[in-house]
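Peer 1: Read top to bottom, the protein sequences are chains X and D. Counting in the working numbering, the first sequence runs from 1 upward without gaps. Counting in the working numbering, the second sequence runs from 1 upward without gaps.
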Amino acid sequence: MFTKKLFALAILILVLSLGGAALAQDGGNTLILARAVDATGLDPHTQTAFSSLRLLELIYEPLVTLDSDLSLQPGLATAWAFSEDGMTLTMNLREGVKFHDGSDFTAEDVIASFNRLLAEETASAARTNYLSIVSMDAPDDYTVVFNLNTADVPLLAAMASFNAAILSADVIANEDPALVTVGTGPFKLDSWTPEETTLLSANADWWGEGPFVDGIEIRIIPDETSILAALRAGTVDFALLNDPLVATLLIDDQSVVLHRVPSLSYNVLQLRAAIEPLDKLEVRQAISCAVNRQEIVDSAALGEGRIVGPLTMASFALPTDELFCYEQDVERARELMAAAGMSEGFTLPVMLANAEPPVAASIAQVIASQLAEINITVEIEALEFSVYVDRWLVGDFTAAVALNGGRTDPYTMYSRYWQVDARFQPTAGYLDDTLDSLMKAGQVETDFEARYQIFADFQRHLAETSPWVWLYAPYGYTAHLPSVSGWEPSANDSLYYLYNVSINR
Amino acid sequence: MRQYLARRFFASLFTMFGITILVFAAIRLVPGDQITAQLGTEAGMLSDEQRAAMERYYGLDRPPVEQYFTWLGGVFQGNLGYSIRQGREVLPLILDRFPVTIELSILAILIALLIGIPIGILSALRRNTWIDLVGRVFSMLGLSVPNFLLGTLIIYVLSVYFGILPNSGNYVDLFQDPVLNLQQLIFPAITMGFSFASSVMRMTRSAMLEVLNEGYVRTARAKGLTERAVILRHALRNSLIPVVTLIGVEFGYLLGGAFITEQIFSLPGIGRLAINAITQREYALVQGVALLIVINFILINFIVDMVYGWIDPRISYDS
């Protein structure tokens with residue numbers, strides 16, 4: 001009897017489950033967005049994870065923003081100018097902007113935000129990019145003057161980062177911005193359930209045109225294959241994807257629109273020139289010559305990537321044929337090994353983080369097979385991400401496969417590695433006077449042409465001395481249903497421009 | 001009986017205490033802390049003062065022994081600590097996620113029993129026929145196909161061939177929308193139940209084979225009982241003891257969170273909570289989840305022991 005009842009119950013459950021087929025999404029005019037990784041927190045000044053910035057850039061705004069070509073655009077500031085000597089930066093602020101709590105945006109909020117960003121107790125990792133600011137004045141409610149201790153050309157690009165988002169002075173004084181989310185951006189945060197759902201509603205008082213949707217529902221689906229399935233089943237409208245092995249499955253799919261943009265970040269084989277035998281220039285150069293970058297892109301990333309030198313932003317990147325040994329040359333690599341007295345080869349331990357990026361292990365395997373040609377035996381050490389980070393930060397490795405973030409300005413991108421006293425010098429593992437002086441010149445040079453030349457020399461010098469072997473820039477992927485229109489992806493993967501998107505179900 | 005219960009209770013307390021120490025030490029021995037988990041490589045950009053400020057914020061500046069006893073003291077007052085990332089206390093956070101895992105586990109066990117027991121009985125009764133062969137092939141399949149493969153296949157087939165996917169990050173609970181809730185849970189439950197069904201089937205088959213040769217089965221047949229009554233009332237009941245043990249152990253595991261299945265089907269259960277807590281180095285949350293898993297195991301083992309007595313009255317705990 002009992003078995004019969006149980007059986008009937010099971011049948012009932014199955015029928016109920018399979019019966020209701022009306023499962024396609026009808027989110028009305030709310031955009032349903034899926035991604036695998038959630039934000040790690042809500043304070044724009046302290047968050048560094050890309051996954052956090054992707055959420056915060058919908059809610060907060062900096063003084064200047066970047067368009068899809070990464071050129072500076074007015075944000076909360078409408079105009080800006082450096083003084084003749086470059087020692088002050090004056091910004092005119094947008095009038096009529098309101099915070100999500102209804103209060104007015106004024107110069108007081110800008111000063112409070114930068115004071116908070118610069119205060120040690122805020123513990124903002126981005127603080128070093130703004131250290132040239134010594135004080136700020138507000139001649140009126142809509143003008144802010146930044147007084148600098150040195151000419152600092154990259155400061156403007158650093159201000160476009162969402163780490164320099166403007167918070168309300170009132171929230172800074174009375175609340176914890178990690179808990180109270182009041183920005184000026186196109187969307188307001190309604191609720192955040194970590195690792196599950198984030199609900200945003202359109203900010204009707206936003207100063208720009210848009211948003212054209214009522215809101216955004218962000219769902220965390222930890223597995224990218226499941227995100228793909230949800231998109232195909234029409235239960236989500238928009239998806240962020242990282243893994244080229246997953247994203248490429250959508251290339252010929254007529255039911256989904258896939259966008260891919262070469263990102264500013266770059267995959268690199270970091271060598272630590274402080275360790276034998278990598279301290280020999282010829283050995284590092286031999287590794288650089290023995291590596292076939294195109295083969296790495298083709299085999300490890302299914303062709304999904306753009307071969308790059310040290311600088312990835314279009315405005316400064318040199319064509320790769322101007323860089324040392326960017327075409328594989330095994331003969332030359334062997335000669336260099338012989339010149340270093342290393343024809344017999346050696347064992348090179350290479351560490352990587354599991355799944356960070358998803359193709360890290362494949363990259364290391366292809367490199368291992370290529371370096372075997374010059375008698376270098378690669379020993380791959382695959383580590384959990386936090387373990388990897390710990391060792392990476394203190395330079396506890398001989399070589400590492402890394403995916404490092406890029407910036408729009410070359411100085412901001414590399415000042416942490418290739419300068420005397422740079423914070424990541426132990427990780428970089430190499431420095432010479434030329435690199436240091438080129439970086440210093442690049443920070444203060446205001447003329448674009450002259451600055452371009454400085455950073456061209458910088459790239460040639462890095463490729464020639466090969467402290468690292470730069471490989472390729474991966475693609476950032478966004479995909480959406482055909483019913484979504486107006487989306488334009490950006491090379492810095494920003495979601496800010498989601499305010500342009502509309503849905504026609 | 002009372003003496004037995006008291007013995008069990010104190011042994012359990014001791015086990016719990018030991019495991020809290022083990023988990024506390026293990027998660028701290030893993031390199032990385034909440035600061036690197038939050039900031040990744042950017043943690044290296046912090047100045048010493050900034051780092052000290054963050055350590056104070058996360059309570060990492062105090063010696064580990066002090067941290068442990070503060071936490072343990074809290075546990076006795078029902079306070080398992082606070083998750084900074086989630087902005088909530090650990091206990092309500094776990095209690096929120098637990099029903100998802102309980103429901104999923106019960107469904108998975110039901111599916112496993114509904115498939116495993118009948119096939120097991122049939123296999124035993126028709127030993128060495130083609131029916132037995134099919135049953136054994138099924139059980140080999142269930143044991144050898146890993147969950148992540150089966151789950152991914154189910155998702156693929158559902159979305160590509162049927163254009164449906166009930167689980168797309170929008171979990172609803174049983175009381176909000178029972179139909180959608182069942183739609184969302186049935187496929188993960190099948191994924192989890194499939195491999196367990198194989199174990200149940202094998203266990204039922206071998207226990208049945210053993211019992212069918214017992215004298216009381218022969219007696220029952222000799223009394224003129226129908227074959228149906230012999231099998232269901234006499235043989236099956238007695239062959240269920242090892243199956244019950246199996247269910248107990250498996251249920252304990254399932255309640256500890258189906259890490260892979262919950263991840264693939266994006267269900268907000270204990271397993272996913274634990275994975276995120278570990279990767280984010282949310283010490284209090286990891287400890288809280290571990291404590292819950294230990295309590296589950298202890299309780300379920302206890303219940304299983306009690307059920308033995310009901311199934312087989314010869315088993316008694318009185319000294």
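A virtual CB, placed ideally from N, CA and C, is assigned to each residue, including glycine. Here the structure is a predicted model, which is why all the values come from computation and not from measurement.
Residues of chain X with a CB under 7 Å from the CB of V160 (chain D): which are they?
Peer 2: Within chain X, the residues near V160 (chain D) are R232.
Peer 1: Out of curiosity, what's the CA-to-CA distance linking V217 (chain D) and R205 (chain D)?
Peer 2: Each residue's Cα considered, the two are about 16 Å apart.
Peer 1: Given this structure, state the Cα-to-Cα distance separating D137 (chain X) from I216 (chain X), to the nearest angstrom.
Peer 2: In a straight line, the C-alpha of D137 (chain X) is about 37 Å away from that of I216 (chain X).
Peer 1: Taking only beta-carbon atoms, is E250 (chain D) less than 8 Å away from chain X?
Peer 2: It does not; no Cβ of chain X falls within 8 Å.
Peer 1: Could you work out which residues of chain D lie near D457 (chain X), taking near to mean beta carbons separated by less than 8 Å?
Peer 2: The contacting residues do not exist; D457 (chain X) stays about 26 Å from chain D at best.
Peer 1: If you measure between the beta carbons of A25 (chain D) and T36 (chain D), is that distance less than 8 Å?
Peer 2: Cβ distance not < 8 Å, so A25 (chain D) and T36 (chain D) don't count as in contact.
Peer 1: Report back the beta-carbon spacing between D237 (chain X) and L495 (chain X) to the nearest angstrom; my notes put them in contact at under 8 Å.
Peer 2: The pair is not a contact, with the Cβ atoms about 13 Å apart (cut-off 8 Å).
Peer 1: Count the other C-beta atoms from every protein chain shown that fall within 10 angstroms of the C-beta of D85 (chain X), then say buried if there are 16 or more, exposed otherwise.
Peer 2: Answer is exposed; the Cβ neighbour count stays below 16.
Peer 1: Pick helix, strand or coil for Y79 (chain D), following the three-state DSSP scheme.
Peer 2: Sequence inspection shows Asn at residue 79 (chain D); the Tyr mentioned does not correspond to that position. Coil at N79 (chain D), not helix or strand.
Peer 1: Under 8 Å, do E103 (chain D) and L185 (chain D) count as touching if we go by C-beta distance?
Peer 2: Yes, these two residues count as a Cβ contact at 8 Å.
Peer 1: Who are the neighbours of G389 (chain X) on chain D, taking C-beta pairs under 8 Å?
Peer 2: A quick correction: the sequence has Val, not Gly, at residue 389 (chain X). Near V389 (chain X) (Cβ distances below 8 Å), the residues of chain D are G32, T36, G40, T41, A43.
Peer 1: Which residues in chain D have a C-beta closer than 7 Å to the C-beta of G476 (chain X)? List them in chain order.
Peer 2: Simply none; closest approach about 17 Å.
Peer 1: Spatial neighbours of T434 (chain X) within its chain, please: CB distance less than 7 Å, with the 5 preceding and 5 following residues excluded, ordered by chain position.
Peer 2: Result list for T434 (chain X): H461, in chain order.
Peer 1: In angstroms, rounded to a whole number, what distance separates the CA positions of F114 (chain X) and I172 (chain X)?
Peer 2: Those two C-alpha atoms are separated by around 11 Å.
Peer 1: Who are the neighbours of T398 (chain X) on chain D, taking C-beta pairs under 7 Å?
Peer 2: By Cβ distance, chain D contributes nothing, its closest Cβ being about 18 Å from T398 (chain X), past 7 Å.
Peer 1: When DSSP labels each residue in this structure, what does S124 (chain X) get in the three-state scheme?
Peer 2: Residue state, collapsed to three classes: coil.
Peer 1: If we count the other Cβ atoms within 10 Å of its Cβ and call it buried at 16 or more, is Y161 (chain D) buried or exposed?
Peer 2: So Y161 (chain D) counts as exposed.
Peer 1: State buried or exposed for S191 (chain X), treating a residue as buried only when at least 16 other CB atoms are found within 10 Å of its CB.
Peer 2: It counts as exposed.
Peer 1: Name the two residues that bound the continuous beta strand (DSSP E) containing W80 (chain X).
Peer 2: Residues 77 to 82.
Peer 1: Does the separation of the CB atoms of L63 (chain X) and A77 (chain X) fall below 8 Å?
Peer 2: Going by C-beta atoms, L63 (chain X) is nearer than 8 Å to A77 (chain X).
Peer 1: Note down, one range per segment and in chain order, each beta strand (DSSP E) of at least 3 residues found wholly within the stretch 321 to 358 of chain X.
Peer 2: 346 to 353, all fully within the stretch 321 to 358 of chain X.
Peer 1: Would a C-beta distance cut-off of 8 Å place M54 (chain D) and R416 (chain X) closer than the cut-off?
Peer 2: The answer is no: Cβ separation not under 8 Å.
Peer 1: Within its chain, find whatever has a CB closer than 7 Å to the CB of S139 (chain D); leave out the 5 residues flanking it on each side and keep chain order.
Peer 2: So the qualifying residues of the chain are S198, M201, R202.
Peer 1: Label Q459 (chain X) either buried or exposed according to how many other C-beta atoms from any shown protein chain fall within 10 Å of its C-beta, with 16 as the threshold for buried.
Peer 2: That one is buried.
Peer 1: Using a C-beta cutoff of 8 Å, does I503 (chain X) count as contacting chain D?
Peer 2: Chain D contact via Cβ: absent.
Peer 1: Return the chain-ordered list of same chain residues with a C-beta closer than 8 Å to the C-beta of L72 (chain X), the five sequence neighbours on each side being excluded.
Peer 2: Here the set comprises V64, T65, L66, L156, A157, A160.
Peer 1: Rounded to whole angstroms, what's the CA-CA distance from N147 (chain X) to V420 (chain X)? Just pull it up for me.
Peer 2: Whole-angstrom Cα-Cα distance: 25 Å.
Peer 1: Going by C-alpha to C-alpha distance, which of X:L471, X:L258, X:L117 sits closest to Q47 (chain X)?
Peer 2: Out of X:L471, X:L258, X:L117, X:L117 has the C-alpha closest to the C-alpha of Q47 (chain X).
Peer 1: So the candidates are X:G208, X:Q328, X:D253; which of them puts its Cα closest to the Cα of S288 (chain X)?
Peer 2: The shortest C-alpha separation from S288 (chain X) is found at X:Q328.
Peer 1: Please check the pair S105 (chain D) and L292 (chain D), which I expect to be a contact at CB under 8 Å, by giving their CB distance rounded to whole angstroms.
Peer 2: So it is not a contact: roughly 13 Å between Cβ atoms.
Peer 1: From Q25 (chain X) to T347 (chain X), what does the alpha carbon distance come to, in whole angstroms?
Peer 2: Its pLDDT being 49, under 50, Q25 (chain X) is placed unreliably in this model, and the value from its coordinates should be taken loosely. Using only the alpha carbons, I get a separation of about 54 Å.
Peer 1: Any chance you could list the alpha helix (DSSP H) runs of at least 4 consecutive residues sitting entirely within the stretch 34 to 113 of chain D, in chain order?
Peer 2: Runs of the alpha helix (DSSP H) inside the stretch 34 to 113 of chain D: 34 to 39, 48 to 58, 64 to 76.
Peer 1: Taking all protein chains shown into account, decide if N203 (chain X) is buried (16 or more other Cβ within 10 angstroms of its Cβ) or exposed.
Peer 2: Answer is buried; the Cβ neighbour count reaches 16.
Peer 1: Contact criterion: CB-CB distance below 8 Å. Does E49 (chain D) meet it with respect to chain X?
Peer 2: It does; some Cβ of chain X falls within 8 Å.
Peer 1: Return helix, strand or coil for L241 (chain X), following the three-state DSSP convention.
Peer 2: L241 (chain X): strand per DSSP, three-state reduction.
Peer 1: What are the complete beta strand (DSSP E) segments, minimum 3 residues, inside the stretch 107 to 152 of chain X?
Peer 2: Taking only runs of at least 3 residues, the beta strand (DSSP E) segments lying wholly in the stretch 107 to 152 of chain X are 133 to 140, 143 to 148.
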